[in-house]
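In full-length UniProt numbering, the protein residues as written are 1 to 349.
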């Protein structure tokens, strides 16, 4: 496992987790860089088919964010997820609050930018295991907000289905890094994503947790806190942020032309106002746990070929019923975000 810059493998030009063969250090890297797939993850991670960028709030081109997945239940999108190798995805643990954790109730859509349209590039796979972090919300609200999903069958990597790279523990993002968020959530507080439900993107910058806590302290009557297992990011000039329906989706940053998964969309407050940045699960904080789960979990032994789910053509409008107190949003609507303010749990939007 190449985890440090001093012992990078051929094709691994940045300090993220990858599975590849070690090569002796060299003063000059091989030219061109050669992709050497080995094991369950390969150095193809983080390679986007589309090199150009469309600024936030616009549709995403096919193959632009090939690790983006839709976690669905009963044919409806409930959360985002991120492919990290051929058999595993990451999402957030709060996506399963008050919901079944039975894996047979969930499927994952990959290779698509539209929620309910099959193309030759899309693949829908059954889930075999759901593993939420054992410390979820034990120490603080939305702490350890991370979950792992094991697929019933591994997927083949294509130009439209590629895993994001995992960071090494404690990896820091350079101040000039290009970082992006993607998801199928609401466009703003009052505008749901409409048909054809096209994947959206936005460029954001990291904000120090100390400053983020100061900003959230301005919310009167609220007690929000950003901890070390979280990341704070946003754009004060444009207000780009995660919103309802983006839960579990990726925050990726470009390191030497490969995209590294730094965060998972977790929570926020009032996505209409740029003064409140978005909060993400800090993936670097959990890399060791992720790799331990991958190492210790056996491969599933499916007994039959999974059936294909037909996509329903329905609007993803927010639920009309309140989500205050102990009421929760139905699975077919927006799971992001609920926040524990003492008791009971209240909606942040």
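Positions of the beta carbon are idealized from the N, C-alpha and C atoms, including for glycine. Computed from a prediction, not measured in an experiment: that's the story for all the values here.
Subject >> Pick from 276, 67 and 62 that is closest to residue 118, judged by C-alpha positions >> reply: Start at 1 with the first residue of the chain shown, and residue 118 comes out as number 118. Measuring from the Cα of residue 118, the nearest candidate turns out to be 62.
Subject >> Cα-Cα separation between residue 142 and residue 76, rounded to whole angstroms >> reply: Indexing the chain shown from 1 puts residue 142 at position 142. Indexing the chain shown from 1 puts residue 76 at position 76. Rounded to the nearest whole angstrom, the C-alpha separation of residue 142 and residue 76 is 24 Å.
Subject >> Residue interval of the alpha helix (DSSP H) (run including residue 289) >> reply: Here residue 289 is taken as the residue at index 289 of the chain shown, counted from 1. Run containing residue 289: 287–296, per the alpha helix (DSSP H) assignment.
Subject >> 9 Å Cβ cutoff met for residue 167 and residue 86 >> reply: Looking up residue 167 in the chain shown gives position 167. Looking up residue 86 in the chain shown gives position 86. It is not a contact, given that the beta carbons lie outside the stated cut-off.
**OP:** May I ask you to report which of helix, strand or coil DSSP gives residue 95?
**Re:** Counted from its first residue, the chain shown places residue 95 at position 95. DSSP places residue 95 in helix when its eight states are reduced to three.
Original post:
What is the rounded straight-line gap between the Cα of residue 263 and the Cα of residue 301?
Top reply: To locate residue 263, count along the chain shown from 1; it is residue 263. To locate residue 301, count along the chain shown from 1; it is residue 301. So the alpha carbons of these two residues sit roughly 31 Å apart.
**OP:** Return the chain-ordered list of same chain residues with a C-beta closer than 6 Å to the C-beta of residue 79, the five sequence neighbours on each side being excluded.
**Re:** Taking the chain shown and counting its residues from 1, one reaches residue 79 at position 79. Closer than 6 Å at the Cβ level, and outside the excluded window around residue 79, lie 71, 91, 95, 247, 248 and 335.
Subject >> Beta carbon of residue 107 nearer than 9 Å to that of residue 73 >> reply: Here residue 107 refers to the residue found at position 107 of the chain shown. Here residue 73 refers to the residue found at position 73 of the chain shown. Taking the C-beta atoms as reference points, residue 73 is found nearer than 9 Å to residue 107.
**OP:** Compute the distance between the beta-carbons of residue 201 and residue 65, then report whether it is under 9 Å.
**Re:** Along the chain shown, one-based indexing puts residue 201 at 201. Along the chain shown, one-based indexing puts residue 65 at 65. Their beta carbons are under 9 Å apart, which means residue 201 touches residue 65 by this criterion.
Original post:
Who are the near neighbours of residue 232 in its chain, counting only those whose CB is closer than 8 Å to its CB and skipping five residues on each side?
Top reply: Mapped onto the chain shown, residue 232 falls at position 232. The beta carbon of residue 232 sits closer than 8 Å to those of 206, 207, 208, 209, 211, 212, 226, 277, 278, 279 and 280, all from its chain and outside the five residues before and after it, given in chain order.
Original post:
What are the boundary residues of the beta strand (DSSP E) that includes residue 352?
Top reply: Any property of residue 352 remains undetermined from this structure, which presents the chain solely from 1 to 349.
Original post:
Taking the C-alpha atoms as reference points, what is the distance between residue 137 and residue 296?
Top reply: For the purposes of this step, residue 137 is taken as residue 137 along the chain shown, with counting starting at 1. For the purposes of this step, residue 296 is taken as residue 296 along the chain shown, with counting starting at 1. Within the model, the alpha-carbon separation for residue 137 versus residue 296 is close to 24 Å.
Original post:
Are the beta-carbon atoms of residue 288 and residue 169 separated by less than 9 Å?
Top reply: Here residue 288 corresponds to residue number 288 of the chain shown, with the count starting at 1. Here residue 169 corresponds to residue number 169 of the chain shown, with the count starting at 1. In terms of Cβ geometry, residue 288 and residue 169 form a close pair [threshold 9 Å].
Original post:
Looking at the structure shown, is residue 284 part of a helix, part of a strand, or coil, going by DSSP?
Top reply: To locate residue 284, count along the chain shown from 1; it is residue 284. Residue state, collapsed to three classes: helix.
**OP:** Would you mind giving the Cβ-Cβ distance between residue 148 and residue 88, rounded to the nearest angstrom? I have them listed as a contact below 8 Å.
**Re:** Stepping through the chain shown from its first residue, residue 148 is reached at position 148. Stepping through the chain shown from its first residue, residue 88 is reached at position 88. The Cβ separation is near 6 Å, so the contact holds.
Subject >> Per-residue DSSP class, three states only, for residue 201 >> reply: Numbered from its first residue, the chain shown carries residue 201 at position 201. Looking at residue 201 - three-state DSSP - the assignment turns out to be strand.
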